[in-house]
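Asker: First the structure, which I've put down as structure tokens, then a few questions once you've had a look.
Residue numbers (my numbering), protein chains in the order written: chain R, 1 to 559; chain A, 1001 to 1559.
Structural data, given as structure tokens:
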């Protein structure tokens, strides 16, 4: 079997200006090329499309993730290829990969098999420089904070309260907790600090929720970096940092256009974490896609309890975007895993386990229909060990929920493998949805009530409890006028509960809130339940030791 | 008077593909565009030019720098424009600006007035991502070092001896001295660490001395990151980091092509510090220029005692490149300053001071002729307050040294203001040089003798002394087999001595070596005389507070 990079390197790419013109009708003058196969689409041009009608929006989400992986990105790409192949003007909207994991264990994030976006190596390394720009803007604010304190601290910043952290796009555990400004008078006032990976930064979330240059600068200005000695919030605007930070992000804000292996267009733009942030690609890209294409296929992070919830309650709430269909990716293996089968035994046929594991998928489908009010379709991403009987059983079980399921083999077969799924999606888009879109909670609820709504309506939790410190923090956030913001729950993606081993569909559990963080620029309050890793480490044998550059410039070992 | 950014923004740029084709004969297929006005030139294409004859190489250097600035970059651009205007196929080779100072005090580094390279804002912010790539590769090595120690430290690295530092392209004093890996077992072994600005990194120097992808990987492998417990050097190759680091720099290694305001081509590529590194733009760019153009105009850092010395003894020694003419930039104001006039009085005519300050320029000219064996020409960069009599006196004083001097007004007048200078350069290039190129010292001298050669032959020093610690470090470097490397002296640029207030041409002083550092990948030994700042700070009122992004995307406040 060919590796992802072998397939990607063997693909014959069309110049991106041809892809842009033929698939989306974008004239070359509106492209800002980055090499011959990547381009940003000019923001001025996109602004000029404001009167165009919007296309249909397909949200790809999933069952609760399991270790073997469900293939949400490949399904997004495969479905796009299939729709494109059927003659529908379709564009995928994906997240940009972080470089950190490329050198660690996880590898890149440009799809896989015959459902990839290309040029794969470019997308996984540097790409168009967006993440570097976000890191620079983020770290400029950090430098300005310490500089302000060093030069007299006119704002009376309490350095013990600074929550704004520096970032790097690197898996580097040694930077999780550091002490900065050591070495005496010339180097400033020492304080505790930590580095997050770029994708975990509030600035990444801001970048992905931003609608325009003006909105970008406004949101950056709203960032609360910490508090002064009288516990008043200090913003990036107070430090006069927002203009320069926005300037650093000027070009990055334009969506990046690439192509799939089969020549369909794809926007790959922005990539916030799906735990402490909302986990979707940029609003700029989604909106551009909806103006330029008839169908936009985009993915949310993790399972439908986290990624789709944030897509609905954060991204849709703020942008006004509305998904027309939700494609829920499931696999026979994931169902068996949720049905209690051990990892090593997932290749063995087990219909009882499939049925048992259906409780997980069923709750996600119920949430999507009854809470978000979106019409769901299930994509059964088929793996080689799945039996026909197992696949048929999944389709039947899903049908019992009044939902259609379509087996798909896009990983092995590209767009042709997702043809049935595409036709199912088209049928759903053409029909009238029996559901009415809604949010999980209203803006006007208190932050506590919002968390309770998510916990009880979506997770099946019995109660929500709060650390005393988290409760105090929440009160301060409410005191400061941020109580109307939506909440962003950071918890394990492996379970509806906060216990990653509680598979299936646990009920009546306790959701314990350990920590609360304010992302005032992004416009949400992060509610942390459990330990959140915002700076990954490298494994004992990192991918970096296999990645190489041949003398002729060929890149080796990326996955 | 128009500001630099006003002039730059008003310039009418030609698409870079047209500039490349018309001025250097590069077909569009060999360009990798970054937007419409920046492009990298494909390395495969450049390699295919290996049989082409080399053009002439003009090195722009200067008198010892003074606070008002001498205008070396503007002279490089102005001279290029003048030669271009006279119909000679000419290209400038410049360093890339660091973003750190853009947000600090110094501002950008794309020339000034009517002698600029454009697009100015792009060049000063992010550009084509080279510095971000260098930072990522640098910090990957750091992460791999701490990761190796965390996972068992098979190489027995002595963490107290690690000299490889993390980097950011930011002025951030709080990162100069930090403690990393705090927070317990999961975060690694705590150690002292510091961040340098990207331009101060050894990797930047490697990048600029590299000849090919294979050479890049080899040099990176040679980097000594520290020592093991038995004091044996540990290299990036030992950590198996060099392949992934080279992969991260694959695309960055191709030279960046832009244009001057007057439409001449300019390579802007790489930008190492001129104190702890060699201070020249990349060998890749210089060599590309020499294959593609008849004349390459490039600049070295600081004055001729530092920048030109390193250009000769490091860049030329390693690459085989040879300058045909050295243009020495001087100003009436700098001569008066070296002649003892206070900063506030530099606008007042003072012929005696001009004559007194000539000692500085005279020693530089003598060094260039007698030590480096390069034919010098003096560019007298004229400022509005200079009087005709002063200018005439400089020309006469220079003539007494058997060197021709040409007043130039390119800052105000563009290429037309450097027309006489260009004709002088052309005459020198056409004639036979009376000098024979040579190095300041031979490879075979000991490191101590090399430093003594520079100190006595160029600086006029009476003796070289060493800190005991520096001496021990030198001995270890010699023990490890690096004694054949050239040396890179890091000292103040304001004086031939290590005392920045010793203007003119001090003699018989002591050169005290405080510290010695090995840059094994770059291929030189850094000899630090005095305090070297490798991470700048921000001033009380940084430029960042004036840089802004307007709602329509216009960048404001860059200088």
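Every residue gets a Cβ at the ideal spot worked out from N, C-alpha and C, and that includes glycine. Since the structure is predicted, the reported quantities are computational estimates derived from the model, not experimental observations.
Using a Cβ cut-off of 8 Å (strictly closer), state whether residue 1553 of chain A contacts chain R.
Answerer: Chain R, which has a Cβ nearer than 8 Å to the Cβ of residue 1553 of chain A, makes this yes.
Asker: If you drop the 5 nearest sequence neighbours on each side, which residues of the same chain put their C-beta closer than 7 Å to that of residue 1514 of chain A?
Answerer: Excluding sequence neighbours, residue 1514 of chain A sits near 1467, 1470, 1528, 1529 and 1530.
Asker: Does the Cβ of residue 112 of chain R lie closer than 7 Å to at least one heavy atom of the ligand HEM?
Answerer: Summarising the ligand content, the structure contains no ligands, and the ligand HEM is consequently not present.
Asker: Could you compute how far the alpha carbon of residue 320 of chain R sits from the alpha carbon of residue 209 of chain R?
Answerer: Spanning the two alpha carbons is a distance of roughly 11 Å.
Asker: Relative to the C-alpha of residue 1181 of chain A, which candidate in R:177, R:184 and R:181 has its C-alpha closest?
Answerer: The candidate whose alpha carbon is nearest that of residue 1181 of chain A is R:177.
Asker: Just to confirm before moving on: does the CB-CB distance between residue 1289 of chain A and residue 1095 of chain A stay below 8 Å?
Answerer: No, the pair does not count as a contact, with Cβ atoms beyond the cut-off.
Asker: Taking residue 124 of chain R as the reference, give the member of R:437, R:100 and R:113 with the closest Cα.
Answerer: The candidate whose alpha carbon is nearest that of residue 124 of chain R is R:100.
Asker: Looking at chain A, which residues of the segment 94-123 of chain R have a Cβ within less than 7 Å of any of its Cβ atoms?
Answerer: Those would be 99 and 103, in chain order.
Asker: Could you tell me the distance, in whole angstroms, from the CA atom of residue 28 of chain R to the CA atom of residue 1130 of chain A?
Answerer: Those two C-alpha atoms are separated by around 26 Å.
Asker: Would residue 1232 of chain A be called buried (16 or more neighbouring beta carbons within 10 Å of its own) or exposed?
Answerer: The residue is exposed, with fewer than 16 neighbouring Cβ atoms inside 10 Å.
Asker: Is the shortest distance between the beta-carbon of residue 1033 of chain A and the beta-carbons of chain R less than 8 Å?
Answerer: True, the Cβ-Cβ gap to chain R drops below 8 Å.
Asker: Please confirm if residue 179 of chain R has its CB atom under 8 Å from at least one CB of chain A.
Answerer: By this cut-off, residue 179 of chain R is an interface position.
Asker: Would you say residue 415 of chain R and residue 78 of chain R are within 8 Å of each other, going by their C-beta atoms?
Answerer: Their beta carbons are under 8 Å apart, which means residue 415 of chain R touches residue 78 of chain R by this criterion.
Asker: So is residue 1160 of chain A in contact with chain R if we call contact Cβ pairs under 8 Å?
Answerer: Taking Cβ atoms only, chain R never reaches closer than 8 Å to residue 1160 of chain A, which makes this a no.
Asker: Name the two residues that bound the continuous beta strand (DSSP E) containing residue 466 of chain R.
Answerer: Taken as a continuous stretch (DSSP letters only), the beta strand (DSSP E) holding residue 466 of chain R covers 463-466.
Asker: Using a C-beta to C-beta distance shorter than 7 Å, which residues of chain A count as neighbours of residue 187 of chain R?
Answerer: By Cβ distance, chain A contributes 1173, 1174, 1176 and 1177.
Asker: For the beta strand (DSSP E) containing residue 256 of chain R, list its first residue and its last residue.
Answerer: Taken as a continuous stretch (DSSP letters only), the beta strand (DSSP E) holding residue 256 of chain R covers 256-260.
Asker: In chain A, which residues lie with their C-beta within 8 Å of the C-beta of residue 170 of chain R?
Answerer: Per Cβ cutoff of 8 Å: 1136, 1139, 1140 and 1143.
Asker: Please identify the residue among A:1058, A:1045, A:1220 and A:1006 whose C-alpha is closest to the C-alpha of residue 1374 of chain A.
Answerer: Closest by alpha carbon: A:1058.
Asker: What are the residues in the segment 271-287 of chain R lying within 9 Å of chain A by C-beta distance?
Answerer: From the segment 271-287 of chain R, no residue has a Cβ closer than 9 Å to chain A.
Asker: Do residue 120 of chain R and residue 8 of chain R come within 8 Å of each other at the CB atom, strictly closer than that value?
Answerer: In contact: residue 8 of chain R and residue 120 of chain R (Cβ atoms closer than 8 Å).
Asker: What residues in the segment 72-97 of chain R have a beta carbon less than 9 Å from any beta carbon of chain A?
Answerer: The residues in question: there are none.
Asker: Which of the three DSSP states, helix, strand or coil, is assigned to residue 1159 of chain A?
Answerer: Helix, per DSSP.
Asker: Anyone know if the C-beta pair for residue 143 of chain R and residue 1171 of chain A falls short of 8 Å?
Answerer: Result yes, Cβ atoms of residue 143 of chain R and residue 1171 of chain A sit closer than 8 Å.
Asker: By the three-class DSSP mapping on this structure, what secondary structure does residue 173 of chain R have?
Answerer: If DSSP states are grouped into helix, strand and coil, residue 173 of chain R belongs with the helices.
Asker: Just tell me which of R:228, R:132 and R:396 has its CA closest to the CA of residue 252 of chain R.
Answerer: For the residues R:228, R:132 and R:396, the minimum Cα distance to residue 252 of chain R belongs to R:132.
Asker: With 8 Å set as the bound, which would you pick, yes or no: does the beta-carbon of residue 1547 of chain A sit closer than that to a beta-carbon of chain R?
Answerer: At least one chain R Cβ lies under 8 Å of residue 1547 of chain A.
Asker: To the nearest whole angstrom, what separates the beta carbons of residue 259 of chain R and residue 118 of chain R, a pair I think is in contact under 8 Å?
Answerer: Their Cβ separation, rounded to whole angstroms, is 6 Å, which keeps residue 259 of chain R and residue 118 of chain R in contact under 8 Å.
Asker: Got a sec: which bits of the segment 206-222 of chain R sit with their beta carbon under 8 Å from any beta carbon on chain C, in order along the chain?
Answerer: The structure shown contains no chain C; its protein chains are R and A.
Asker: Name the residue from A:1065, A:1526, A:1493 and A:1460 whose alpha carbon lies nearest to the alpha carbon of residue 1363 of chain A.
Answerer: Residue 1363 of chain A has its Cα closest to that of A:1460, out of A:1065, A:1526, A:1493 and A:1460.
Asker: Specify the secondary structure class of residue 1063 of chain A as computed by DSSP and reduced to three states.
Answerer: Residue state, collapsed to three classes: coil.
Asker: Checking the sheet assignment: what are the DSSP bridge partners for residue 298 of chain R?
Answerer: Note: residue 298 of chain R sits in a beta bridge opposite R:59 and R:93.
Asker: Among R:54, R:541 and R:404, which has the Cα closest to the Cα of residue 1239 of chain A?
Answerer: The shortest Cα separation from residue 1239 of chain A among R:54, R:541 and R:404 belongs to R:541.
Asker: Is any beta-carbon of chain R found at less than 8 Å from that of residue 1544 of chain A?
Answerer: Cβ-Cβ to chain R under 8 Å: yes for residue 1544 of chain A.
Asker: Could you have a look at residue 1115 of chain A and say whether DSSP puts it in helix, strand or coil?
Answerer: Strand at residue 1115 of chain A.
Asker: Does the CB of residue 1129 of chain A have a neighbour CB from chain R at under 8 Å?
Answerer: Yes - at least one Cβ of chain R is within 8 Å of the one on residue 1129 of chain A.
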